[in-house]
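Q: Read left to right, the sequence shown gives residues 702 to 907 (the numbering used here). Built from N, CA and C at the ideal position, the CB exists for glycine as well.
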Amino acid sequence: ASTTTAALYVLHEPQNVAWLRRAREEAFIKEGGDNIPLKDLRAELPVATSIAREILRLYPPVPFVGRTATQKGSLCQGQYPIEIGDTFCFSPWYLGRDPQCWGGSSEAKDYQEQALLASTFNPQRWLDDPLNGGAPTMFSWLPFGAGPRGCLGTRLGLTEVTLGISRLLRDFTFEFEQTGPLPVKYDLTLNLDGVMNCKITPQRTS
């Protein structure tokens with residue numbers, strides 16, 4: 702729910718009105734994803750899918766993930782030894798905003814410009830590269846983790862957000878009370894308390 706909320710809010714920011722229009726047009730044409738088989742969802746709703754992935758990149762449900770070693774090893778070709786019981790943390794939040802991965806290095810002139818591009822909402826990156834979003838590896842996008850300890854609900858979560866965006870934009874218009882950048886805070890998970898205060902108007906009847 703928090704991811705869908707974030708998507709709706711970000712889409713209604715003035716600089717993203719073109720993406721809001723594209724997503725709504727797709728939602729009308731594809732009937733909000735009604736009767737689309739799950740295996741065809743990405744192909745049939747590419748705009749909504751790209752928006753969902755981009756929101757998860759910028760606002761992952763969990764900001765930090767920890768893993769405890771059960772055997773010895775090392776990282777970075779032996780530079781960092783790992784002992785049993787060592788705990789390592791990574792942040793999907795910062796990983797999803799890493800200028801080296803998301804800064805469009807071929808376009809940006811310096812680090813500050815890369816950082817700006819990395820923090821900018823741009824679903825086009827997923828339309829251009831549906832697998833990695835333009836990042837050097839799929840492991841640059843880890844809102845659900847990865848590997849054997851990754852979230853079992855990854856596909857379900859992405860499907861829910863994609864269909865939620867499409868169906869809500871098909872059926873309703875939204876006028877948010879708050880303006881400006883999305884106010885984000887984390888406890889254990891993404892918390893958007895108060896952001897969804899808005900006027901909702903039906904725009905079609907069944």
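#1: When you compare the CB positions of GLY805 and SER841, do they come within less than 9 Å of one another, or not?
#2: Hey, would you say GLY774 sits closer than 9 Å to PRO764, going by beta carbons?
#3: Smallest Cα separation from GLU726: which of ASN892, ARG868, LYS900 and THR855?
#4: In chain order, which continuous runs of the beta strand (DSSP E) of length 3 or greater are located wholly inside the stretch 763-794?
#5: Provide the residue span of the beta strand (DSSP E) that contains CYS802, from first to last.
#6: Report the residue from PRO761, LEU746 and GLN904 whose alpha carbon sits nearest the alpha carbon of GLY846.
#7: Look up ILE901 in the DSSP assignment and give the residues it is bridged to.
#8: Using alpha carbons as the reference points, say which of GLU755, GLY858, TYR710 and GLN879 lies closest to ALA819.
#9: For ALA702, which of ASP735, ASN898, ARG871 and GLU861 has the nearest alpha-carbon?
#10: Identify every run of the beta strand (DSSP E) within the stretch 712-748, keeping only runs that are complete inside it and at least 3 residues long; order them along the chain.
#11: Classify ILE866 as buried or exposed, calling it buried when 16 or more other Cβ atoms lie within 10 Å of its own Cβ.
#12: Once you ignore the five residues that flank LYS900 on each side, which residues in its own chain have a CB closer than 6 Å to its CB?
#13: Rounding to the nearest angstrom, what Cα-Cα distance links PRO800 and GLU714 in this structure?
#14: Please state if the CB of TYR710 and the CB of TRP794 are separated by a distance shorter than 9 Å.
#15: Between the beta-carbon of THR750 and the beta-carbon of LEU859, is there less than 9 Å?
#16: With respect to the alpha helix (DSSP H) encompassing ASP829, which residues constitute its N-terminal and C-terminal limits?
#17: Who pairs with LEU891 in a beta bridge, going by DSSP?
#18: Cβ atoms of LEU776 and PHE791: under 9 Å apart, would you say?
#19: Counting C-beta neighbours from all protein chains within 10 Å, is the total for VAL766 16 or more, i.e. buried, or is it exposed?
A: Based on what the coordinates show:
#1: no
#2: no
#3: ARG868
#4: 766-769, 774-776, 781-783 and 788-791
#5: Careful: CYS802 lies outside any beta strand (DSSP E), inside the alpha helix (DSSP H) at 800-803.
#6: PRO761
#7: PHE875
#8: GLU755
#9: GLU861
#10: none
#11: buried
#12: GLU876
#13: 23 Å
#14: no
#15: yes
#16: 825-829
#17: TYR887
#18: no
#19: buried
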